[in-house]
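First up is the structure itself, then whatever we jot down about it.
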Amino acid sequence: KYFDIIIQSFEFCRRNKNLQLFAFVILDDHFHLIASALDLSNTITSLKKFIAKKIIVQLNQDNKSWLLNQLSYYKKKYKKGSDYQVWQEGIHPQSITTDKMLIQKIEYIHYNPVKRGLVDKPEHWRYSSARNYLSNDHSIIKIDEILI
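Each residue of the sequence shown is one higher than the last, beginning at 1 in our numbering.
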């Protein structure tokens, strides 16, 4: 259900913030995406804040006090707007300048679950656009078409 919060947040940004989502993978401790937006940095910052708030609400509902304690422990002392640190600070965007680089980045993010030993094939990971590309499965979220 925590991964679903992230998926729902991606979809919200697609519909309401003009986020174009080309590829993604969600793992237990991070996510990667290949996306475009008019103001990508602010869109991703807003996305991360929104996801963090939803996850904190869900953790409280699930009585995951041990995890909330960890997130509280790692909160930066100077941060006043939150009691918890869900994400590392900042975003780490990289410009994709060639088709070859785009393909390499998509393969990199799709193979994350395979490298971690979670699945044998990228398309077997439920929370990855590898399913969209390799199995034509858009049941989790629709991604935007890339014209190469």
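Ideal Cβ positions, reconstructed from N, Cα and C, are used throughout, including at glycine.
The structure presented is a predicted model; accordingly, all values stated were derived computationally and were not measured.
Legend entry - Given residue 91 as reference, the closest of 44, 6, 82, 15 once Cα atoms are compared: 44
Inset, instruction - Identify whether residue 32 lies in helix, strand or coil by the three-state DSSP scheme. - result: strand
Legend entry - Endpoints, the alpha helix (DSSP H) within which residue 57 is located: 40-61
Inset, instruction - Kindly indicate the opening and closing residues of the alpha helix (DSSP H) around residue 8. - result: 2-16
Legend entry - Proximal residues to residue 24 (C-beta, below 6 Å), its chain only, five neighbours per side dropped: 33, 129
Inset, instruction - Between the Cα of residue 5 and those of 59, 21, 19, spot the shortest distance and give me the residue it belongs to. - result: 59
Inset, instruction - Report the residue from 61, 62, 83, 40 whose alpha carbon sits nearest the alpha carbon of residue 71. - result: 83
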